[in-house]
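Visitor:
Number of protein chains: 2
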Amino acid sequence: MAEQRTGADRPLLVRWRDRFEQFASQYPSRFAILVFGGLNVLWTALLMTPWASATGEPTPLVDAFFQAVSIICVTGLTVVDMATHWSPFGNALVLVGVQVGGIGVLTLASILGLTVARKLGLRQRLLAAGDSNPSRVRKGAVVENQAVRLGDVGALLRTVALSVLVFEAALMLLLYPRILLEGTNPLQALYEAAYWSFMSFTNSGFVPTVAGLEPYATDPWFLTVLMIGVFLGSLGFPVYFVLLKNLGNPRQWSLHVKLTITVSVLLFLLGGLVFLVLEWGNSNSWGEEDFGQQVLQAFFLSSMARSGGFAVYDLGLLHNSSLLVTDMLMFVGGGSASTSGGIKVTTLAILFLAAVAEARGRRSMEAFGRRIPSDVLRLAVAVTLWSATIIAGVTIVLLEITGAPLSFVLFDVISAFATVGLSTGFTHPGLEEEAKVILALTMFAGRIGSVTLAAALAANQRTQLFTRPEERPIVG
Amino acid sequence: MAEQRTGADRPLLVRWRDRFEQFASQYPSRFAILVFGGLNVLWTALLMTPWASATGEPTPLVDAFFQAVSIICVTGLTVVDMATHWSPFGNALVLVGVQVGGIGVLTLASILGLTVARKLGLRQRLLAAGDSNPSRVRKGAVVENQAVRLGDVGALLRTVALSVLVFEAALMLLLYPRILLEGTNPLQALYEAAYWSFMSFTNSGFVPTVAGLEPYATDPWFLTVLMIGVFLGSLGFPVYFVLLKNLGNPRQWSLHVKLTITVSVLLFLLGGLVFLVLEWGNSNSWGEEDFGQQVLQAFFLSSMARSGGFAVYDLGLLHNSSLLVTDMLMFVGGGSASTSGGIKVTTLAILFLAAVAEARGRRSMEAFGRRIPSDVLRLAVAVTLWSATIIAGVTIVLLEITGAPLSFVLFDVISAFATVGLSTGFTHPGLEEEAKVILALTMFAGRIGSVTLAAALAANQRTQLFTRPEERPIVG
Ligand SMILES: [K+]
Ligand SMILES: [K+]
Chain A
1 MAEQRTGADR PLLVRWRDRF EQFASQYPSR FAILVFGGLN VLWTALLMTP
51 WASATGEPTP LVDAFFQAVS IICVTGLTVV DMATHWSPFG NALVLVGVQV
101 GGIGVLTLAS ILGLTVARKL GLRQRLLAAG DSNPSRVRKG AVVENQAVRL
151 GDVGALLRTV ALSVLVFEAA LMLLLYPRIL LEGTNPLQAL YEAAYWSFMS
201 FTNSGFVPTV AGLEPYATDP WFLTVLMIGV FLGSLGFPVY FVLLKNLGNP
251 RQWSLHVKLT ITVSVLLFLL GGLVFLVLEW GNSNSWGEED FGQQVLQAFF
301 LSSMARSGGF AVYDLGLLHN SSLLVTDMLM FVGGGSASTS GGIKVTTLAI
351 LFLAAVAEAR GRRSMEAFGR RIPSDVLRLA VAVTLWSATI IAGVTIVLLE
401 ITGAPLSFVL FDVISAFATV GLSTGFTHPG LEEEAKVILA LTMFAGRIGS
451 VTLAAALAAN QRTQLFTRPE ERPIVG
Chain B
1001 MAEQRTGADR PLLVRWRDRF EQFASQYPSR FAILVFGGLN VLWTALLMTP
1051 WASATGEPTP LVDAFFQAVS IICVTGLTVV DMATHWSPFG NALVLVGVQV
1101 GGIGVLTLAS ILGLTVARKL GLRQRLLAAG DSNPSRVRKG AVVENQAVRL
1151 GDVGALLRTV ALSVLVFEAA LMLLLYPRIL LEGTNPLQAL YEAAYWSFMS
1201 FTNSGFVPTV AGLEPYATDP WFLTVLMIGV FLGSLGFPVY FVLLKNLGNP
1251 RQWSLHVKLT ITVSVLLFLL GGLVFLVLEW GNSNSWGEED FGQQVLQAFF
1301 LSSMARSGGF AVYDLGLLHN SSLLVTDMLM FVGGGSASTS GGIKVTTLAI
1351 LFLAAVAEAR GRRSMEAFGR RIPSDVLRLA VAVTLWSATI IAGVTIVLLE
1401 ITGAPLSFVL FDVISAFATV GLSTGFTHPG LEEEAKVILA LTMFAGRIGS
1451 VTLAAALAAN QRTQLFTRPE ERPIVG
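From first to last, the protein sequence lines stand for chains A and B.
Start counting the first sequence at 1; every next residue gets the next number (the numbering used here).
Start counting the second sequence at 1001; every next residue gets the next number (the numbering used here).
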């Protein structure tokens, strides 16, 4: 208060900037939601203009809103044909939108949000400890590198910029010659290479041409490059941050890095194997191709289900069993503070480690020789419960509105929430307007993140002055 | 060891009894699984005999196995017509089976299992504290009545016998006159009253006649009595145990009792309201009846979904949205150590309280002025993850085997796992043999309980001699 009063004689602009900074640092999650919501509104307005559409006709509000949210949330669901609907200006909006939405604002905001939200949630302990690193205020030995600290934000910004630049350029380089081979003219090929590269690294999943993946449907090179792009994008910036510092020294890798990479690889392999088995012999998908193609397609779907969103086959023709497996992979998603959605691989790992510790009668969760504090489990439960509740609620409402089969509705709702972008065909131009709006809001809720929202809801961070008596209900 | 050596000169029978008791107390969950598995095998053998079937033809192995598991696990799913298939001996097997399975062996075993499993899981602390009450070894104030102690088993047995006797007799008394009113002869009416009463209190859901609930489909009296029976059965014996001691003194009620009753009532009301809205105007269900009937039917389904398993309408004709809501209610189930299945209402409460505590930035979960120890959350997560994994796995396999729609398969799998017994029609006499076996095993896994199994898996209860360094991954 004293500080604000002395600021009364400073210029108005400086006072506004100070207030803005104060708000941003005091309520990082509300700030993130505001900025992110603003971006969605801005993109909706821009996409609605006649200049954005190829025909010069303005795009209707609901479609523009749906597509804007799908772009900024890097989801990839479409209710217009992305390859033909937009003008060059519209396509530029798409390309810039996925970069800003996928990498720029929200990733940084959510990293800040995570750090600061944890600090807020642990306020009492922090007040006592007087340290800005939440993991430092715990009792017991604390290992460096294990959390992104506020002081690291500068370094983080450089990491983000560098990794985006390097990765996307590399992907373009790998894709460009292959697109030329199709007989595409060099300039158009450059545009398409950039488009595919941006869309894979940001896990957006839009396609630049009407043919989409068709020319490359059986090409191991093209599909593998896309898989690598999606995989790298899904690891998350906290992982690059540690890896860039200690790439050659795995002993210095944090628990977060090890968990993220391990679970990501395991899910990729497991998903691929399961798809291979379940689609065996399905003549509507790859089930009757030669074995090499079956392996390629099964693992491509496994990779894309975790947030990439590119599809070679019409997913509505897959077996219902494969759709349910895809649902599960989509629900888990990628790494924390990455371009992918879902509850995140570390959240799944924590839930699993808790169950293992319980079954083995251990006192604490353990992984890679580290003990994981039990309050992390509470956060993981909150994230999972929040996600499952939203998905169930939206699915119930959309089932009631559309009367479509459960397997299709559930798939597209999870795809929207986890910003995957795969579709069984439920999401299409003729979908009911209210269903389009609800799906768009689902994407927003999914991308803005459970953590951010939960922290934003924490209006009253109260210190408890007394301890209640402990009591143990029976569960299970 | 010293004790066993001195026992060498005792009679063989006493030594065997001692070994048996030692095994039962040392591995209570394995003991429970063995006894329970044995019961299923015995009932399968008995139901296969020609004397059990009405025609004198022996029932095929797979059908007898399915029906035996469905009876002993008090599920209520059927692959034969329960009203016409069995002889009087067969019907006696059904009636005795649900009492033994629902109330006798497993409930007691699981209560013992819960108590002892917790003790085993906390062995180190118990060794230090030298107390048989697991909740007593925690630091902080401990409130009495909050857990069933081993010393209370005698009292518990009396409570179980008393409540079963009183409740089932009362239900029979309320149903008998109503069945007479239909013009049923007094002796047959007595049989039917006993059948309905046993099936509602044990949450089994089999029906005694071909007409089933048809004569009473719109009768508020009959349906309400069934709802009361199912509700009482679903509270669980730990609840009666406390209530019988302190019925008039709610201040003495344990946290477990308060949570169980509160969540049960909330889910019943919420489910009923949601069904009322979702089925509004559906001419295939009660959607075009008068308002009073709509309310009755919506709340009847809400009550039955949580494990009762009686159905007035063909559930396959409900909206897909209602089926998904039913899935969720079935998944939650009833109270711990009750005749109902699912993850249990207290487990849901713990997950929810953890999310609330996280969102509000509180250090611990709280309810009714009590603090809940954080290791309870770990158990709740283990139970939920185990349940979800089984359900997902079985659903994927059955989708692949049968090619039936997701909404039907998922419904019947959850119904089997949570021992509810409602069916969309997926479970029927013509179902593939391997699907019948898988569903039967799902019922067994669901009824034997996540806790029991998890504890049984804990082959090595090891004491940790060292503490690992703590590290915090990012989740969400
Ligand atoms: K995507
Ligand atoms: K049942």
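Using N, Cα and C, we set each Cβ at its ideal position, and we do this for glycine too.
(1) Using a C-beta cutoff of 8 Å, does A/Arg19 count as contacting chain B?
(2) Quick check: what's the CA-CA separation for A/Asn145 versus A/Gly361?
(3) To the nearest angstrom, how far is the alpha carbon of A/Leu39 from that of A/Phe65?
(4) For B/Trp1386, which residues in chain A fall below 8 Å Cβ to Cβ?
(5) With 8 Å as the C-beta to C-beta threshold (strictly closer), list the residues of the stretch 1324-1340 of chain B near chain A in chain order.
(6) Alpha carbon to alpha carbon, how far is B/Arg1178 from B/Phe1222?
(7) By Cβ distance, which residues of its chain are closer than 6 Å to B/Val1420, with the 5 residues on each side in sequence left out?
(8) I'd like the span of the beta strand (DSSP E) that includes B/Met1365, first residue to last.
(9) Of all the options A/Phe201, A/Glu57, A/Thr84, A/Gly101, which has the alpha carbon lying nearest to the alpha carbon of A/Ala68?
(10) Since B/Val1079 meets chain A, which of its residues come closer than 8 Å, beta carbon to beta carbon?
(11) Quick check on B/Val1041: buried or exposed, where buried means 16 or more other Cβ atoms within 10 Å of its Cβ?
(12) Mind checking if A/Val116 is an interface residue toward chain B, Cβ cutoff 8 Å exclusive?
(13) Strictly below 9 Å CB to CB, what residues from chain B border A/Pro405?
(14) For the 8 Å Cβ check, are there 3 or more pairs between the stretch 1209-1229 of chain B and the stretch 1335-1353 of chain B?
(15) Which runs of the alpha helix (DSSP H) at least 4 residues long sit entirely within the stretch 1365-1435 of chain B? Give them in chain order.
(16) By the 10 Å Cβ neighbour count, where 16 or more other Cβ atoms means buried, how is A/Arg10 classified, buried or exposed?
(17) Comparing alpha-carbon positions, which option in A/Leu318, A/Leu259, A/Thr260 lies nearest A/Glu288?
(18) Could you work out which residue in A/Ala83, A/Ser200, A/Thr427, A/Ala92 is closest to A/Gly316 when comparing CA atoms only?
(19) On the three-state DSSP scale, how would you describe B/Trp1051?
(20) Going by beta carbon distance, what residues of the same chain come within less than 8 Å of A/Tyr176, once the five residues before and after it are set aside?
(21) Whose Cβ in chain B lies nearer than 8 Å to the Cβ of A/Arg15?
(22) Using the Cβ count rule (16 or more neighbours within 10 Å means buried), how would you classify B/Glu957?
(23) Spatial neighbours of A/Ser163 within its chain, please: C-beta separation below 6 Å, excluding the five flanking residues on both sides.
(24) Please name the residue in A/Arg370, A/Ala418, A/Thr442 whose C-alpha comes closest to that of A/Gln252.
(25) Can you name the residues of chain A whose CB is closer than 8 Å to the CB of B/Phe1352?
(26) Buried or exposed for A/Leu106, please, with buried defined as at least 16 other CB atoms from any protein chain shown within 10 angstroms of its CB.
(27) What do you reckon, is the C-beta of A/Asn203 under 7 Å from a heavy atom of ligand 1?
(28) Please classify B/Thr1078 as buried or exposed, where buried requires at least 16 other C-beta atoms within 10 Å of its C-beta.
(29) Candidates A/Trp16, A/Thr84, A/Ala92: which alpha carbon is nearest A/Trp43's?
(30) I want to verify the contact list: residues of chain A whose CB lies under 8 Å from the CB of B/Leu1399, in sequence order.
(31) Inspect the beta-carbon positions of A/Phe237 and A/Ser338 and report whether they are closer than 8 Å.
(32) Is the beta carbon of A/Phe411 sitting closer than 8 Å to the one on A/Thr424?
(33) Alpha carbon to alpha carbon, how far is A/Thr55 from B/Trp1386?
(34) Is B/Ser1303 near ligand 2, going by C-beta to nearest heavy atom under 7 Å?
Guide: Let me spell this out:
(1) Indexing the first sequence from 1 puts residue 19 of chain A at position 19. No, because no Cβ of chain B sits closer than 8 Å to the Cβ of A/Arg19.
(2) Here residue 145 of chain A refers to the residue found at position 145 when the first sequence is read from its first residue. Here residue 361 of chain A refers to the residue found at position 361 when the first sequence is read from its first residue. With a pLDDT of 34 at A/Asn145, under the threshold of 50, the modelled position of that residue is not reliable, and no figure is offered here.
(3) For the purposes of this step, residue 39 of chain A is taken as the residue at position 39 of the first sequence. For the purposes of this step, residue 65 of chain A is taken as the residue at position 65 of the first sequence. Each residue's Cα considered, the two are about 11 Å apart.
(4) For this step, residue 1386 of chain B is matched to residue 386 along the second sequence. In chain order: Ala355.
(5) Leu1324, Val1325, Met1328, Ser1336, Ala1337
(6) Position 178 of the second sequence holds residue 1178 of chain B. Position 222 of the second sequence holds residue 1222 of chain B. Cα to Cα, the separation comes out at about 7 Å.
(7) Here the question's residue 1420 of chain B lines up with position 420 in the second sequence. If we look at B/Val1420 and ignore the five residues flanking it on each side, its Cβ neighbours are Ser1307, Gly1309, Met1330.
(8) Within the second sequence, the letter at position 365 stands for residue 1365 of chain B. Unbroken beta strand (DSSP E) run through B/Met1365: 1365-1367.
(9) By one-based count along the first sequence, residue 68 of chain A stands at place 68. Among A/Phe201, A/Glu57, A/Thr84, A/Gly101, the Cα nearest to that of A/Ala68 is on A/Gly101.
(10) Locating residue 1079 of chain B in the second sequence gives position 79, counting from the first residue. Neighbours of B/Val1079 on chain A: none; closest Cβ ~22 Å, over 8 Å.
(11) Counted from its first residue, the second sequence places residue 1041 of chain B at position 41. By the 10 Å Cβ count, B/Val1041 comes out exposed.
(12) To locate residue 116 of chain A, count along the first sequence from 1; it is residue 116. Because A/Val116 carries a pLDDT of 45, less than 50, the predicted location of this residue cannot be relied on, and the following value inherits that uncertainty. Output row for A/Val116: interface = no.
(13) Locating residue 405 of chain A in the first sequence gives position 405, where the first residue counts as 1. Going along chain B in sequence order, the residues near A/Pro405 (Cβ under 9 Å) are Asn1320, Pro1405, Leu1406, Ser1407.
(14) no
(15) 1374-1402, 1406-1417
(16) The count along the first sequence starts at 1 and reaches residue 10 of chain A at position 10. It is exposed - the Cβ of A/Arg10 has fewer than 16 other Cβ atoms within 10 Å.
(17) For the purposes of this step, residue 288 of chain A is identified with residue 288 of the first sequence, where counting begins at 1. When each option's Cα is compared against that of A/Glu288, the closest is A/Leu318.
(18) Within the first sequence, numbered from 1, the residue matching residue 316 of chain A stands at position 316. Out of A/Ala83, A/Ser200, A/Thr427, A/Ala92, A/Thr427 has the C-alpha closest to the C-alpha of A/Gly316.
(19) In the second sequence, the residue the question calls residue 1051 of chain B occupies position 51. Helix.
(20) Within the first sequence, numbered from 1, the residue matching residue 176 of chain A stands at position 176. Excluding positions up to five away in sequence, the list reads Ala189, Leu190, Ala193.
(21) Counting from 1 along the first sequence, the entry for residue 15 of chain A is found at position 15. Within 8 Å Cβ-Cβ: nothing; A/Arg15 doesn't reach chain B, min ~30 Å.
(22) Because chain B spans 1001 through 1476 in this model, residue 957 of chain B falls outside it and cannot be assessed.
(23) As a first step, residue 163 of chain A must be located in the first sequence, where it is residue number 163. Closer than 6 Å at Cβ, skipping near neighbours: Tyr240.
(24) The residue labelled residue 252 of chain A in the question sits at position 252 within the first sequence. Out of A/Arg370, A/Ala418, A/Thr442, A/Arg370 has the C-alpha closest to the C-alpha of A/Gln252.
(25) Start at 1 with the first residue of the second sequence, and residue 1352 of chain B comes out as number 352. Under the 8 Å cutoff, chain A gives Leu385.
(26) To locate residue 106 of chain A, count along the first sequence from 1; it is residue 106. In this prediction, A/Leu106 scores a pLDDT of 48, lower than 50, which makes its location untrustworthy; no coordinate-derived value is stated.
(27) Counted from its first residue, the first sequence places residue 203 of chain A at position 203. Indeed, a heavy atom of ligand 1 lies less than 7 Å from the Cβ.
(28) Counting from one through the second sequence, the residue named residue 1078 of chain B turns up at place 78. With 16 or more Cβ atoms within 10 Å of its Cβ, B/Thr1078 is classed as buried.
(29) As a first step, residue 43 of chain A is located in the first sequence; it is residue number 43 there, counting from the start. Taking only the C-alpha atoms, the option nearest A/Trp43 is A/Ala92.
(30) As a first step, residue 1399 of chain B is located in the second sequence; it is residue number 399 there, counting from the start. His319, Asn320, Ser321, Leu324, listed in chain order.
(31) Counting from 1 along the first sequence, the entry for residue 237 of chain A is found at position 237. Counting from 1 along the first sequence, the entry for residue 338 of chain A is found at position 338. Yes. Within cutoff.
(32) By one-based count along the first sequence, residue 411 of chain A stands at place 411. By one-based count along the first sequence, residue 424 of chain A stands at place 424. In this structure, A/Thr424 lies closer than 8 Å to A/Phe411 by Cβ.
(33) For the purposes of this step, residue 55 of chain A is identified with residue 55 of the first sequence, where counting begins at 1. For the purposes of this step, residue 1386 of chain B is identified with residue 386 of the second sequence, where counting begins at 1. Taking the straight line joining both Cα atoms gives about 54 Å.
(34) Mapped onto the second sequence, residue 1303 of chain B falls at position 303. No; taking the cut-off as 7 Å, the Cβ of B/Ser1303 has no heavy atom of ligand 2 nearer than that.
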